[in-house]
Every structure is written in C-alpha cells, then in structure tokens.
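What follows is a set of notes on a single structure, which appears directly below.
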Amino acid sequence: MSDHLQESATLDEIDYLLVTALQREPRAEWRRIGAELGIDPSTAARRWSRLTEAGLAWLTCYPAWLPPGALITFIELDCAPGRVHEVALALADDPHLFTIEHVTGGRDLLLTASFTGQAQLASYIGFRLGAVPGITATRTHVASILHAEGSRWRLDRLAFPAAGPSPAPAFSGHGTLSPDDLALIHALARDVRQSAAALAERTGLSPTTARRRLARLERDGLMAYRCEVSRSHSGWPVSVTLWGSAPAEDAASITARLAHLRETRMCVSLSGAHNILLTVWLRAVDGLPAFEASLAARVPELAITDRTLTLWNLKFAGQLLSPEGRRLRSVPLALWTPDDAHAAEAAFVSALATPPPLRGSAPDGRDRVGAWGGRGAGK
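Numbers given in the working numbering equal positions in the sequence shown, counted from 1, plus 13.
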C-alpha cells in the first residue's frame with residue numbers, strides 16, 4: 014500500500030455501511046449493494062477498492078471443515094526477552110495458525126491453531142515450536158466445542174435488527190472437502206468477489222461447475238467468509254481474551270448466553286482447569302471493568318480466572334496485520350504439513366524404540382536389573 018493511503022485513508026459512515034453490507038452478503042452484486050446503501054454501484058465498488066488497497070478492510074474465505082478427530086487449540090508462548098517479534102516472524106507462515114497475538118499477562122504470544130489430531134499437536138509443540146529459537150515455554154488448551162467465532166460478528170450499521178453472533182458451532186459443515194474443493198476455496202480467497210468465470214479459469218473448471226460447486230460449499234457450511242475492518246478503525250479497538258471456570262453442569266447454558274453477547278467474537282469450551290475461553294471486542298480499555306461486572310451479573314456461575322489484552326494481532330484469520338490492524342498480506346489457511354518436524358519426530362521415535370545397553374540382555378542371557386530396582390517394578 015502507498016504511504017499516501019496509509020496516512021490519509023479513513024472510514025466514513027458510508028464505508029461502515031459498505032462493510033456491513035459485505036459482511037451480510039460478501040459476493041452480492043455492486044448494483045444490489047449500491048441500492049441498499051443509496052449510492053451508485055460504481056461508487057460502492059470504488060470505495061471498496063480504496064479500503065482494500067489501504068488495508069483498512071478486506072474479504073477472505075477459508076475452509077470451515079476439519080476432519081474427524083481434528084483439534085482446535087490455543088497455545089500460549091513465553092519468549093526470551095526481546096525475541097517476541099523474532100518468534101512471531103518464524104511462525105507467521107505456518108498455514109494452520111489462525112491467529113498470532115502479542116498479548117499482555119502471563120504469556121507473550123497466544124496462537125490459535127488447528128491440527129488433524131493429538132499426535133500432530135504433540136509433534137508441533139515438541140518438534141516445531143521446540144526448535145524455534147526464543148521460545149522458553151508453551152502451554153496448550155484444547156477446545157472441546159467452538160460455540161461462536163468471528164465470521165458471525167457484524168458491525169450492524171445498516172437498518173436491520175442487531176444481534177450477537179450465532180451460537181451454532183463453527184467448523185461443523187456437512188460432508189467433506191475434496192482436493193478440488195480446497196483448490197476452489199484457495200482460489201476464491203485471492204479475490205472473494207471474482208466472477209465465476211474468473212474462478213473457473215483459475216481452477217480449470219467450467220463456469221457452471223465452479224458456480225455449482227461454490228453454491229454447495231456455501232449451502233453445506235464447508236467454507237466461511239469474512240469481511241473485516243481494521244480493528245483500530247472499527248469502533249471496537251480493544252480485544253480481550255478471558256479464561257473462566259464454570260461448573261460442568263452449567264457450562265452449556267453459560268456458553269449459550271456468552272455466545273449471544275454483542276461484544277463476543279469467540280466463545281469456546283476448553284478441556285482443562287479453565288473450561289471456558291471468551292474473546293470480546295470493547296470500545297475502550299477502561300470499559301473492561303464494566304464489562305466484567307456486567308458479565309458477573311448476567312452469568313454469576315462463571316468465575317473469570319485470567320485475562321489478557323491483545324497489543325498486536327499479528328495474524329488474524331490468515332491475514333498478517335500491521336500494529337494498527339491494517340492488512341499486509343494473506344497466508345492461505347490449511348492443515349499443517351510437518352516437513353522438518355516430521356524428520357525430527359521420526360528420529361526421536363527411532364531412538365525411543367532402540368533399547369539402550371542397560372535395558373538389553375546380559376551376556377549370560379539373563380535380564381539386567383534396571384535402575385528402578387527389581388524386575389517387575391511398575392505403577
């Protein structure tokens with residue numbers, strides 16, 4: 014983006030209305046959007062081009078389906094002094110990292126990531142993160158249910174009833190994604206508003222096939238759209254993540270209430286001592302005490318056990334952002350391919366499977382006595 018756009022671009026009310034309209038219908042024709050906003054279609058298109066060029070707003074899409082047994086996780090990273098940005102840069106292009114946040118509190122970075130299963134999560138923590146210079150500690154939280162996430166959040170600037178995010182679980186589409194489906198989604202992510210003809214040309218499909226396949230992916234909930242605006246320009250510049258504990262028997266009703274709050278961007282049930290995670294957007298930092306007081310009144314069964322303020326959302330739904338929240342570039346979201354970590358893991362497993370001399374047989378054929386005492390000692 015040009016220096017001029019960086020310095021001069023701002024959003025007026027028409028821009029906010031435009032973002033809201035595209036949050037509702039990302040691929041609606043400019044003619045329809047212009048009619049809804051009371052402006053010329055070419056004016057709507059020109060305004061959107063200005064916003065995207067300046068990194069102030071953007072559209073993207075990504076797969077909204079995970080294979081059976083897949084995990085959504087939140088990974089806290091502690092970093093050596095002065096190495097937070099070095100670590101973030103090393104991880105920025107990992108395709109399965111949905112977000113990378115520089116945060117306050119008892120961690121330096123907070124990652125949101127998906128994995129095909131527990132084994133892959135263990136490999137990533139042990140052999141990918143374990144090999145990144147500057148990381149001193151990790152703590153991992155596994156989501157059991159994702160109740161609400163950011164693609165459902167709206168600016169609500171148009172004249173229709175405002176509502177909080179839908180409580181319907183995300184990443185629960187019906188069916189599966191084929192390689193051709195993934196190719197279509199990745200091609201569309203480059204330009205969500207491209208025509209079916211352009212999409213067909215990029216994927217090798219016919220326009221009719223591309224249009225029909227896209228309609229199926231949307232209908233079955235296998236892909237998600239996002240229309241986002243730079244958070245510093247959104248009117249909701251403060252992002253706070255809260256960890257909470259609630260009685261297991263109350264968790265379902267609590268998360269249902271949390272998912273409907275206007276401020277909620279994400280609500281997740283976790284497996285662990287903190288069994289609920291809530292991310293909210295607020296108007297100002299000094300609004301946090303009032304929000305927590307309101308939360309205590311609405312949901313008295315929930316005990317907030319920790320909180321963190323996002324200083325810089327370096328990666329957000331696959332988009333790399335500036336400190337002010339302007340979009341810099343995209344990293345297409347995809348499942349992780351272990352690569353070097355796989356080789357390190359394979360070497361470790363091989364070493365683990367090889368008995369050391371002390372655990373082998375003595376020359377006389379008798380079993381050696383191990384360091385734990387006699388044979389047969391166990392749990």
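Where a beta carbon is used, it is the ideal one built from N, C-alpha and C, also for glycine. Computed from a predicted structure; not experimentally measured.
query	result
Distance between HIS109 and ASP204 (C-alpha atoms, nearest Å)	20 Å
GLY47, enclosing alpha helix (DSSP H) - first and last residue	43–50
Sequence-distant residues of the same chain with beta carbon closer than 6 Å to GLU99, five excluded per side	GLY147
Which of helix, strand or coil DSSP assigns to SER335	coil
Rounded separation between LEU31 and THR216 - CA only	29 Å
3-residue-minimum beta strand (DSSP E) runs that sit fully inside the stretch 52–76, ordered along the chain	70–76
Delimiting residues of the alpha helix (DSSP H) encompassing SER136	131–136
PHE87, buried or exposed, once every other Cβ within 10 Å from all chains shown has been counted against 16	buried
PRO260 burial status per 10 Å Cβ neighbour count (16 or more: buried)	exposed
Option nearest GLU276 by Cα separation, candidates ASP169, ALA101, ALA330	ASP169
Endpoints, alpha helix (DSSP H) assigned at LEU230	220–232
Alpha helix (DSSP H) segment containing VAL362, residue limits	353–366
Whole-angstrom C-beta distance between LEU348 and VAL242, which should lie under 8 Å	Contact flag wrong, Cβ pair sits at about 28 Å.
Residue burial classification, GLN131 (beta-carbon count within 10 angstroms, cutoff 16)	exposed
Nearest candidate by alpha-carbon position, reference THR149, set ILE138, THR350, VAL155, ALA156	ILE138
Contained alpha helix (DSSP H) runs [length at least 4] in the stretch 95–124, N- to C-terminal order	97–104
Assigned secondary structure, ARG275 (DSSP; H/G/I helix, E/B strand, else coil)	coil
Own chain, CB closer than 7 Å to VAL97, minus 5 neighbours either side, in chain order	HIS115, ASP121, LEU122
Expected contact under 8 Å - CB spacing of PHE111 and GLY331 to nearest Å	7 Å
Residue from SER252, TRP78, ILE27 whose Cα sits closest to the Cα of ILE52	ILE27
Spatial distance of ASP233 from PRO80 (CA atoms)	15 Å
Candidates TRP166, LEU230, LEU124, VAL251, of which the one nearest LEU195 by Cα	LEU230
Per-residue DSSP class, three states only, for HIS287	coil
Distance CB(LEU255)-CB(ASP299) smaller than 9 Å	no
Extent of the continuous alpha helix (DSSP H) to which VAL253 belongs	That residue, VAL253, is in no alpha helix (DSSP H); its beta strand (DSSP E) goes 251–258.
GLY188 classed as buried or exposed, judged by whether at least 16 other C-beta atoms fall within 10 angstroms	exposed
Rounded C-alpha distance that separates PHE329 from PRO368	45 Å
First through last residue of the beta strand (DSSP E) which encompasses SER191	Neither: SER191 is in no beta strand (DSSP E) and is coded neither H nor E.
Beta-carbon separation (whole angstroms), THR33 vs ARG167, contact threshold 8 Å	6 Å
Buried or exposed by the 16-neighbour rule on C-beta atoms within 10 Å, applied to PRO192	exposed
Supposed contact pair SER363 and THR73 - C-beta distance, whole angstroms, cut 8 Å	Rounded, the Cβ-Cβ distance is 41 Å, inconsistent with contact.
Burial state of ALA48 (16 or more Cβ within 10 Å)	exposed
Beta-carbon separation (whole angstroms), TRP294 vs ARG311, contact threshold 8 Å	Not a contact, Cβ separation roughly 17 Å.
Separation of LEU327 from LEU333, as counted between CA atoms	6 Å
For ALA200, three-class secondary structure by DSSP	helix
PRO174 classed as buried or exposed, judged by whether at least 16 other C-beta atoms fall within 10 angstroms	Summary for PRO174: the model assigns pLDDT 42, below 50, so the residue's position carries little reliability; its value from the coordinates is reported in the next sentence. Exposed, since its Cβ has fewer than 16 Cβ neighbours within 10 Å.
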